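S.K.: Those protein sequences? They're chains A and B, same order as listed. All letters in the first sequence, in the order written, are residues 24 to 137 by this note's numbering. All letters in the second sequence, in the order written, are residues 106 to 216 by this note's numbering. Take this structure, written in structure tokens, and hold onto it; I'll ask about it next.
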Amino acid sequence: DGGITQSPKYLFRKEGQNVTLSCEQNLNHDAMYWYRQDPGQGLRLIYYSQIVNDFQKGDIAEGYSVSREKKESFPLTVTSAQKNPTAFYLCASQPLAGQQGTQYFGPGTRLLVL
Amino acid sequence: QQQVKQSPQSLIVQKGGIPIINCAYENTAFDYFPWYQQFPGKGPALLIAIRPDVSEKKEGRFTISFNKSAKQFSLHIMDSQPGDSATYFCAASKGAQKLVFGQGTRLTINP
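Structure follows, in structure tokens:
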């Protein structure tokens with residue numbers, strides 16, 4: 024059963040705590056993305072990676088960090104420097120050959136601050 | 106020049122009506138224009154996509170109209186149903202580069 028999985032579905036963060044959101048894909052896609060979505064808002068790009076061990080900042084990278092040690096995994100860490108982390112976080116993947124531009128999204132993780 | 110402007114922000118239509126969502130872009134190098142549908146609490150799902158060599162594409166009740174000279178494209182939903190109530194995003198990209206998304210339209214279809 025191919026697809027993109029994100030875990031956990033809900034995540035609670037305490038003040039000053041770093042938390043990590045998981046994103047895994049078994050689609051053999053080259054590129055992976057992290058977006059943030061605030062209520063009633065559009066999608067804002069946090070980080071993206073087109074190849075293992077390489078990633079680029081998106082429009083709102085401050086307070087976030089990522090790693091891409093394996094092709095199928097792209098975890099996002101929300102650090103204590105991110106002062107307003109409450110949002111819906113979406114991971115996406117994209118094949119770079121063939122279906123140009125088509126991104127496939129995971130089910131999302133909702134992050135809440137205690 | 107990388108922006109995609111989407112309108113309206115919200116739209117309410119009676120069942121059976123034809124909602125129309127519009128998007129405009131500036132970058133003439135864009136060559137792929139997808140639409141995504143997102144239900145509350147879920148990730149966006151690809152609905153339909155078009156390339157600039159065609160002016161219209163239909164998939165079921167969903168149609169994309171594309172006007173290359175005006176740099177605009179739009180989504181029409183025929184015979185709309187309450188189950189079509191969702192947020193719709195247009196997007197654009199050049200080659201295999203990352204997508205540029207519009208701000209989204211919250212569509213409500215009243216029974």
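All C-beta atoms in this analysis are idealised placements derived from N, C-alpha and C, irrespective of residue type, glycine included. These numbers come from a predicted model, not from an experiment.
Report the neighbours of residue 119 of chain A on chain B: residues whose CB is nearer than 7 Å to its CB, in chain order.
M.R.: Going along chain B in sequence order, the residues near residue 119 of chain A (Cβ under 7 Å) are 201.
S.K.: If the cut-off is 8 Å on Cβ atoms, which residues from the segment 151-168 of chain B count as contacting chain A, listed in chain order?
M.R.: Flagged, chain order: 151 and 154.
S.K.: Residues of chain A with a CB under 7 Å from the CB of residue 171 of chain B: which are they?
M.R.: The contacting residues do not exist; residue 171 of chain B stays about 15 Å from chain A at best.
S.K.: So what does DSSP say about residue 139 of chain B, is it helix, strand or coil?
M.R.: Residue 139 of chain B falls in the strand class under three-state DSSP.
S.K.: Distance check for residue 72 of chain A and residue 166 of chain B, CA to CA, integer angstroms please.
M.R.: The alpha-carbon atoms of residue 166 of chain B and residue 72 of chain A are separated by roughly 35 Å.
S.K.: Identify the contact partners of residue 113 of chain A in chain B, using a Cβ-Cβ distance below 8 Å as the criterion.
M.R.: Result: 148 and 149.
S.K.: Of the residues A:119, A:78 and A:114, which one's Cα is nearest the Cα of residue 149 of chain B?
M.R.: Considering only alpha carbons, the answer is A:114.
S.K.: Residues of chain B with CB closer than 7 Å to the CB of residue 130 of chain A, please, in chain order.
M.R.: The contacting residues are 147 and 148.
S.K.: Quick one: which chain A residues come within Cβ less than 7 Å of residue 204 of chain B?
M.R.: The contacting residues are 124 and 126.
S.K.: Taking residue 127 of chain A and residue 27 of chain A to be in contact with their CB atoms under 8 Å, please state how far apart those CB atoms are, rounded to whole angstroms.
M.R.: Correct: roughly 6 Å between the Cβ atoms.
S.K.: By the three-class DSSP mapping on this structure, what secondary structure does residue 184 of chain B have?
M.R.: If DSSP states are grouped into helix, strand and coil, residue 184 of chain B belongs with coil.
S.K.: Could you check whether the Cβ of residue 188 of chain B sits closer than 7 Å to any Cβ belonging to chain A?
M.R.: No, residue 188 of chain B does not count as interfacial toward chain A.
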